[in-house]
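Structure, as structure tokens:
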Amino acid sequence: MSSKTLFRSKKLVRAFAIAGVAVMLGAVAAEAAPRGGGSRGGRSYAPPPTTNTAPTTAAPLQRSTAPTPAPGMQQPGMAARPGAPAPAAQGSRFGGLGMGLAAGFLGAGLFGLLSGQGFLGGLGSLMGMLGFLAQFALIAGVIYLVVRLVRGRREAADGPQPAMARQGSGPAGNGPMGMPQNRVIPGMAGGSVAAPAAAPSDGIGVTPQDYDTFERLLAHVNEAYSREDLNALRAMATPEMVGYFAEDLKEAAAKGQVNRISDVRLLQGDLSEAWREQDADYATVAMRFSRTDLVLDRASGRVVSGNPQGEEAVELWTFRRPHGGLWQLSAIQTA
């Protein structure tokens, strides 16, 4: 292998290494997007059905105390949902790696034949490059560890997350919460209604009073979060969710920041699914709402992040009601 070829190989490997680092650092930056959490009972790891309000599949729960189901086992409550998608088959990771290595050696040998160095000469060139590839692997490993650490910290708390995982909150106005048979909450301002999606699976018979409660919790949970009032949150959310809120508030305080949320107004909402389990009822509701969500420097009041003009967000909130009890927020997912 000539010195010129070796030099070109070094430049090529280093270019790939730099590109790989840039891609992985970009992934770290993308992780700054808000994430939700909580539990949806036996359906915690199954995506809720899409609705007119949330036509795209919701993001999975990023932090949850719900037990992870064993591979191939059906989650409790899943049998009640017709047409639930089967989990995709996963290929062998080892098989993919082995095939990749085999293809690499074969390609190197063929390159050697074409360049006049012979099959083994091509393999020798490949071995010369392995040292430089090891440098790339080392860099990639370090970046992978950084990504894992960042994700772990953000799963515990991504700065001053509001109750809706940085997707809005505050006093909700008379917004349209979609009801079964296209029923709308009284008092909503008239507006266009999207073509109805497939009828939601309602295994408990959600009532107009339930929808009023969901809309009220959308406002009150976020008001309490903005006030950093954990006592009020304990009355409206499950212990798991309150624990996440407490972690988020503690993380924000450590950074010298505070979350201020205001002007939340429910614009549209409808039921994704509702079902009954042994100990409680569950209802997942898609909600589109506007809000002003700002992160402020606690000492100076300077705006650290957020749009003072407000913005819209779409989230799916899951509510849990023990038999004979009251509805509480149990999970938040972005859509």
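Residue numbers for the sequence shown, in mature numbering (1 follows the signal peptide of the UniProt record, and there is no 0): -32 to -1, 1 to 303.
Built from N, CA and C at the ideal position, the CB exists for glycine as well.
All figures in this text were calculated on a predicted structure; none of them were measured in a lab.
DSSP-derived helix/strand/coil call for residue i
i, result
"T260", "strand"
"R270", "coil"
"G5", "strand"
"I111", "helix"
"A297", "Note on identity: in this sequence residue 297 is Leu, with Ala being the wrong assignment. If DSSP states are grouped into helix, strand and coil, L297 belongs with the strands."
"residue 370", "Absent from the structure is residue 370, since the part of the chain shown begins at -32 and ends at 303."
"R31", "coil"
"G292", "coil"
"A105", "helix"
"A70", "Caution is warranted here: a pLDDT of 48 is assigned to A70, below 50, making its placement in the model unreliable, and the coordinate value is therefore given only provisionally. Residue state, collapsed to three classes: helix."
"P53", "Note that P53 has pLDDT 44, beneath the 50 cutoff, so the model's placement of it is unreliable and the number below is only indicative. Here P53 sits in coil by DSSP."
Residue range of the alpha helix (DSSP H) that includes residue i
i, result
"G211", "P207 to A222"
"G190", "Rather than Gly, the amino acid found at residue 190 in this sequence is Asn. Residues P176 to R195."
Assigned exposure category for residue i - 16 Cβ within 10 Å defines buried
i, result
"L185", "buried"
"S240", "buried"
"L201", "buried"
"H291", "exposed"
"V271", "exposed"
"G10", "buried"
"T36", "exposed"
"A105", "exposed"
"L294", "exposed"
"A166", "exposed"
"Q277", "exposed"
Opening and closing residue of the beta strand (DSSP E) in which residue i lies
i, result
"N227", "Q225 to R244"
For residue j and residue i, believed in contact at Cβ under 8 Å, the rounded distance
i, j, result
"V232", "S268", "Between S268 and V232 the Cβ distance is about 25 Å, and since that is not below 8 Å, they are no contact."
"R8", "T252", "7 Å"
"T19", "P176", "The pair is not a contact, with the Cβ atoms about 18 Å apart (cut-off 8 Å)."
"M204", "A221", "Not really, about 21 Å apart at Cβ, beyond 8 Å."
"D238", "T21", "5 Å"
"A26", "L284", "5 Å"
"V174", "A242", "5 Å"
"I300", "D249", "Not really, about 18 Å apart at Cβ, beyond 8 Å."
heavy atom of the ligand ATP below 7 Å from residue i C-beta
i, result
"P28", "Judged by which ligands are present, the structure shown has none, so any question about the ligand ATP falls away."
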